[in-house]
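Residue numbers (UniProt numbering): 1 to 300.
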């Protein structure tokens, strides 16, 4: 009685799907909850879990593009999307997916070199998932993701990889060192260039300031001489200028690199001033005579 009752009343758990056949032919899919069947006519032929499931793909040998043998394993995540296709599309669709994942993984690794296999693991996972999705659609199974777990190579290959990695690290260190030295030399050269520019600008500014000061001094002296000339005392201004230049020249005698010829009466500044004034007075008559001659020639 209990066995018959179990065939009449069927409780389907949540996230499960039961396939009901009528005399061996598909009739309907039972949804979660309480369902009733006709004894001896209807029966539950397949039960599928709609939850996500994971399947361990065992380690297997694969050959890379550069003929290196390695061992790889992974994890396949999938779930039943269409219970009807999963029941009648293949005899054992889950096992077929497992075998297909192994073949696709070997195929994808064969397209890459050993270094690319380690560097592009995410790309390999995506390519495997894409191939599995195309094949599993007709079986009513949805592939959610595939993850490569371990990639193992022989001990000899591992030693070679370690040597290559060490060589690459040394190469990068040398490059960084040379780039740092290059940058340092560029900075030093740039600092020297800027220093020279600033020094040249300083000298130029100094020359300009000295020139402007000299121009102002000359203008000041010219103005003073003109004023003395108008007052009839131009000799006084000349006497002052000569005396000042004489005193300035005496101040330069202490310089060790100067070689000068001095007169005997160096201690008598008045003599030097009077001598200069005598020369000035001798030039004035000549200038006056020449100017008078020019005037007479013009009148003629």
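By construction, the Cβ of each residue, glycine as well, lies at the ideal position given by its N, Cα and C atoms.
Exposure of residue 8, with buried meaning 16 or more beta-carbon neighbours within 10 Å: exposed
Length-filtered (4 minimum) alpha helix (DSSP H) runs lying within the UniProt domain "Band 7" (7-165): 83-88, 93-110, 114-119 and 121-136
When 92, 150 and 166 are compared against residue 61, the one with the closest alpha-carbon: 150
Distance, residue 79 Cα to residue 314 Cα: The shown model of the chain, from 1 to 300, leaves out residue 314, and the question about it has no answer.
Length of the line joining the Cα atoms of residue 136 and residue 98: 11 Å
Environment of residue 117 [buried if 16+ CB atoms lie within 10 Å]: buried
Residue from 88, 57 and 82 with nearest C-alpha to residue 74: 57
C-beta atoms of residue 72 and residue 90 nearer than 8 Å: no
Classification of residue 131 by the beta-carbon crowding that lies within 10 angstroms, buried from 16 upward: buried
8 Å Cβ cutoff met for residue 48 and residue 13: no
Cβ-Cβ separation, residue 29 to residue 17 (assumed contact under 8 Å), whole Å: 6 Å
Residue 301 to residue 122 span [Cα, whole Å]: Missing from the structure shown is residue 301; the chain here goes from 1 to 300 and no further.
Whole-angstrom distance between residue 106 and residue 126, CA atom to CA atom: 14 Å
Contact under 8 Å by Cβ, residue 141 with residue 93: yes
Status (buried if at least 16 other CB within 10 Å, exposed otherwise) for residue 3: Low confidence applies to residue 3: its pLDDT is 46, below 50, so where it sits in the model is not reliable, and the reading given next is rough at best. Classification for residue 3: exposed.
Closest by C-alpha distance to residue 152, when choosing among 169, 114 and 139: 114
Residue 208, buried or exposed, once every other Cβ within 10 Å from all chains shown has been counted against 16: exposed
Pairwise C-alpha distance: residue 77 and residue 19: 23 Å
Cβ-Cβ separation, residue 42 to residue 27 (assumed contact under 8 Å), whole Å: 7 Å
Beta-carbon contacts of residue 104 that lie in its chain and below 7 Å, excluding the five residues immediately before and after: 128, 131 and 132
Cβ neighbours of residue 11 in the same chain (closer than 8 Å, five flanking residues each side left out): 33, 34 and 35
Nearest-angstrom beta carbon gap, residue 50 and residue 15 [assumed within contact, 8 Å]: 5 Å
Residue from 203, 174 and 139 whose Cα sits closest to the Cα of residue 88: 139
Residue 201 burial status per 10 Å Cβ neighbour count (16 or more: buried): exposed
Chain-order list of residues whose beta-carbon lies under 8 Å from that of residue 112 (same chain, five-residue window excluded): 64, 65, 120 and 124
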